[in-house]
Ligand SMILES: Nc1ncnc2c1ncn2[C@@H]1O[C@H](COP(=O)(O)OP(=O)(O)O)[C@@H](O)[C@H]1O
Ligand SMILES: [Mg+2]
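In this note's numbering, the protein residues as written are 1 to 242.
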């Protein structure tokens, strides 16, 4: 059994099936890149995993434990903390410093003493290369620095699986590189991650699995070599040509 298993996930908005029959699995320590055209449900999928949306159908299993089963209402939203999400537009709290942004959620969740949480936050801030910005406010940081702060903030909640929603699409190429380097560093640490990205070079080189979301479902899934080297559907061939 895979570490992360998603079986038959579905989500409707109004009358429309945005996601249907989404099946995915991922081993611990792997990176899955999720690619596909706009409007195909990539963000909705990450929001379902993070329980920012409730799926209408399907099962989410992590490490053998059922986190969500649409047919078993009792299990709903039991494990919000299993997944973390880094947003496209950073979403840092502007009134708080980098350090305060990172300590806020674990403090509210009573994850440890103030001193321990501060120390842990400073370690994470160092990991993303922002030690000299720990007491800076978000509006004084570059986009790349803000996104790295957002990554430290997500890590502070100790998610089992860290999700990224187009983490570099608001950044220029140089800042994109520094954020992707942080993601590579986290991979070297053995973190399990799902990355929605339009950076095909990154998806090809850094991910273990690539999923092509099309028509509201996983239209192709495989290694980067399989998905980029031998696309099976016309939709993926067309997408890759763009
Ligand atoms: N809260 C919502 N209410 C209604 N429709 C939504 C909502 N969120 C997303 N959608 C619709 O779901 C579809 C998929 O959106 P999204 O998940 O943002 O796609 P992607 O991230 O792949 O661009 C779009 O048609 C979008 O308009
Ligand atoms: Mg999106």
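Ideal placement from N, C-alpha and C gives every residue a C-beta, glycine not left out.
Let me have the residue list for ligand 1: C-beta closer than 5 Å to any non-hydrogen atom, ordered along the chain. Per the CB criterion, closer than 5 Å to any heavy atom of ligand 1, the qualifying residues run in chain order as 13, 18, 38, 39, 40, 41, 42, 43, 44.
Compute the minimum distance between the beta carbon of residue 199 and the heavy atoms of ligand 2, and state whether it is under 7 Å. The answer is no for residue 199.
Check whether the Cβ of residue 132 lies closer than 7 Å to any heavy atom of ligand 2, and answer yes or no. No; taking the cut-off as 7 Å, the Cβ of residue 132 has no heavy atom of ligand 2 nearer than that.
Within 10 angstroms of the Cβ of residue 152, are there 16 or more other Cβ atoms? Answer buried if so, exposed if not. With 16 or more Cβ atoms within 10 Å of its Cβ, residue 152 is classed as buried.
Rounded to the nearest angstrom, what separates residue 139 and residue 94 at their Cα positions? Taking the straight line joining both Cα atoms gives about 7 Å.
For residue 193, three-class secondary structure by DSSP: In the three-state reduction of the DSSP assignment, residue 193 falls in the strand class.
Pull up the DSSP beta-bridge partners for residue 5, would you. DSSP, once it has assigned bridges, lists 25, 61 as partnering residue 5.
If you measure from the CB of residue 158, is any heavy atom of ligand 2 nearer than 7 Å? No, since every heavy atom of ligand 2 falls outside the 7 Å radius drawn around the Cβ of residue 158.
With a threshold of 7 Å, establish whether the CB of residue 53 neighbours any heavy atom of ligand 2. Residue 53 has its Cβ no nearer than 7 Å to any heavy atom of ligand 2.
Is the beta carbon of residue 98 closer than 8 Å to that of residue 156? Contact check for residue 156 against residue 98 fails: the beta carbons are separated by 8 Å or more.
For the beta strand (DSSP E) that residue 229 lies in, which residues bound it at each end? It is not in any beta strand (DSSP E) - residue 229 instead sits in the alpha helix (DSSP H) that spans 224-229.
For residue 41, which residues in the same chain have their Cβ closer than 7 Å to its Cβ, ignoring the five residues on either side in sequence? The residues are 18, 19, 213, 216.
Does the beta carbon of residue 166 fall short of 7 Å from some heavy atom of ligand 2? Yes; taking the cut-off as 7 Å, the Cβ of residue 166 has a heavy atom of ligand 2 nearer than that.
Excluding the 5 residues preceding and the 5 following residue 96 in the sequence, name in chain order all residues of the same chain whose CB lies nearer than 7 Å to its CB. Around residue 96: 104.
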